[in-house]
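Have a look at the structure below, then the notes.
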Amino acid sequence: MNDKIIFWLDKDLKQYCLCYYLQKEMDADFYAIVDTTNKTKSFFENQNLVNFKKTWYYHDNVMPIKKPNVEYLASFEEKYGIELWKLAVNDRIFYRFNDFYKFSKNEILSILENECRFFEHILDDIQPNYVIMHEPYSHQDELFYELCKVKGIKVLASFFSTLGYRCEISQTVHFMDEFKNIETKSNPRGFDELINYLESFNLSAKIKKQNIDPFGNKVNILNAAIDYLFRTKNENQKTHYTYFGRSKLRVLLNSINGALKTKWRWHYLNKKLIKNVDYGQKFVYYPLHIEQERSTLIATPFYTNDIEFIRNIVKSLPINYTLYVKEHPSQFTRHWRSKKIYDEIASIPNVYLIHPHVSSLDLVKNSSLVITLSGTVAIEAAFHQKPSITCADFDYTFLPSVERIGRIEDLPKLIRKSLKKKITSDELDAYVSLVEKNTFEFDGTDFDKKSTKKFFHGGRLADVHISNQMMKEFLDENASVLRVLASEHLKKINYFKNQTQN
């Protein structure tokens, strides 16, 4: 009997492209759950490049809004141990970040109920051997991901590695499947050699590149505007709850307002935030994360209030230490933060608010301790012999240099414990070696840039028509990297099969 594989497909087209090349490598029954806008949906309805045995369209199955059955939702939570309100309140569409529509409690519960019934039905009916998806970004794919894991279905979740231009596939996001096999070497690499290894990736250049026209140039903006305003019927606001309230006029005004806010806020923070950092005093470094991202909304769901967390850090510091807080350079993609937030952070005693263009690496090197919600800066700190504290369950928390916050009341003790640490290279070298073993070369950022340029006006418009011809051209143009992606997924499937046999 063939293996049955369900793919989660959305505007991140890597998974669809993977399907095309994976079907050439294995004989299996492919199924797909598609979460896209209406125009893009038409591509999946008419495509003939991948043979899916059955396809479901997410938004067709979570509408219409109805009176929710709270008893069913309560039994679902009890049965699977999945905390639904945690997912809903931290979803950027349902709460805090939606400029177009305010959802009522019953609307949220209705959508959750429809999702739960929809996902349960698919998994019970198909009983897949595997589910293939990218790391979840929104509440719906996180819900599906968690449900699959509870049901014992092998999930192949792909995500960018913590080190270099590499990709990883694992059942648990940011946690290696073979993590238990970590071993220190008899002759480990020293810190100088490890730093040279890290610097070979030139990750700072990658970050700078991401922050230059991340959504395309002015031509992309103009083409996207013409496509949206004059060639789109805007049916999504009727069929997709994610588009509720998005009339063309409101979207246009919101875009103009967003551009103005970005300009005004940049002028403010460029004038007010610290550019010349005093490295002569003892300080703890806390870099802000980008808002509306998985790194906070899903990875650290109870640490979404930056201002309150900064206050808690300051309360926990030894009297002779200061807190340096740095804005993330990519926050401009979210129009920066409001002046009120910057003012409130800067007003907290013993806090220095640092300009986003100040080198994060220099701050790490000169700090006594790094605190992060879930960022890879904790790994960077280890390379430079600095202790760190994090709020997320990632595999790197095994390192002796890293502490994981359990209760916020324990933060003062964790800080003092961390400040006394002497960092050695043994475990870091072992971790790096294990990452190398469990990852493969794949520049996901570069692939995404090519994809958005080809199909989505450089990332400026999500609701677009995609033709078979366009997709085939893209598949051929990126054949070499996609074959690697397919090969690595096949290796992971065989890894799971060998585990079952043993």
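With the first letter of the sequence shown counted as 1, position 120 gets the number 123 in the numbering used here; the numbers rise by one all the way through. Just so you know, even glycine gets a beta-carbon here, dropped at the ideal spot from N, CA and C. Just so we're clear, the structure is a prediction, and the values are computed from it rather than from any experiment.
DSSP lists no bridge partner for residue 350. For the beta strand (DSSP E) assignment, the uninterrupted runs of no fewer than 3 residues enclosed by the region 122 to 174 are, from N- to C-terminal side, 133 to 137, 157 to 163 and 169 to 173. Nearest to residue 116 by alpha-carbon distance, out of 282, 82 and 73, is 73.
For residue 411, the closest C-alpha among the options 118, 314, 175 and 238 is that of 314. A direct Cα-to-Cα measurement between residue 53 and residue 306 gives close to 41 Å. Cβ contact annotation for residue 301 (same chain, cutoff 6 Å, sequence separation greater than five): 145, in chain order. Secondary structure of residue 35 (DSSP, three-state): strand.
In the DSSP assignment, residue 25 falls within the unbroken alpha helix (DSSP H) covering 17 to 25. A buried status is given to residue 39, since no fewer than 16 other beta-carbon atoms sit within 10 Å of its beta-carbon. A direct Cα-Cα distance of roughly 11 Å separates residue 291 from residue 308.
Residue 391: member of the beta strand (DSSP E) spanning 391 to 393, first to last residue.
The Cβ atoms of residue 24 and residue 485 sit closer than 8 Å to each other. By DSSP's assignment, residue 407 forms a beta bridge with 393. Judged by their CB atoms, residue 338 and residue 293 are not nearer to each other than the 8 Å cut-off. Burial state of residue 143 is buried, judged by a 10 Å Cβ sphere holding 16 or more other Cβ atoms. For residue 290, the enclosing beta strand (DSSP E) starts and ends at 286 to 290.
A distance below 8 Å separates the beta carbons of residue 391 and residue 372.
Counting C-beta atoms within 10 angstroms of its own C-beta, residue 445 has 16 or more neighbours from the protein chains shown and is therefore classed as buried.
Counting the other CB atoms within 10 Å of its CB gives residue 297 a total of 16 or more, which places it among the buried residues. Taking each of 277, 45, 502 and 500 in turn and checking the Cα distance to residue 348, the smallest one comes out for 277. Rounded to the nearest whole angstrom, the CA to CA distance from residue 89 to residue 304 is 7 Å. The region 398 to 418 makes contact with the region 315 to 323: 3 or more CB pairs, one atom from each, lie closer than 8 Å. The residues 246, 247, 248, 249 and 250, in chain order, have a CB closer than 8 Å to that of residue 240 in the same chain once the five nearest residues on each side in sequence are set aside.
Under the DSSP assignment, residue 264 falls in the alpha helix (DSSP H) whose first and last residues are 251 to 275. Of the candidates 429, 149, 138 and 202, 138 places its Cα closest to the Cα of residue 173. Boundaries of the beta strand (DSSP E) around residue 60: 55 to 60. Beta-carbon to beta-carbon, residue 56 and residue 465 are separated by about 27 Å, too far to satisfy the 8 Å threshold. Inclusion of residue 493 and residue 29 in the CB contact set at 8 Å is warranted, their separation being smaller than that value. Residue pairing from DSSP places residue 11 in a beta bridge opposite 36.
The C-alpha of residue 44 is placed about 20 Å away from the C-alpha of residue 114. Pairing residue 253 with residue 238, the inter-Cα distance amounts to about 15 Å. Taking the Cα positions, residue 427 is about 18 Å away from residue 438. In this structure, the straight-line span from the alpha carbon of residue 163 to that of residue 22 is close to 19 Å. Burial check for residue 480: the Cβ neighbour count within 10 Å stays below 16, so the residue is exposed. Contact check between the region 320 to 329 and the region 278 to 286: three or more CB pairs, one atom from each, fall below 8 Å, which counts as touching.
Cβ neighbours of residue 261 within its own chain (closer than 7 Å, five residues either side excluded): 338.
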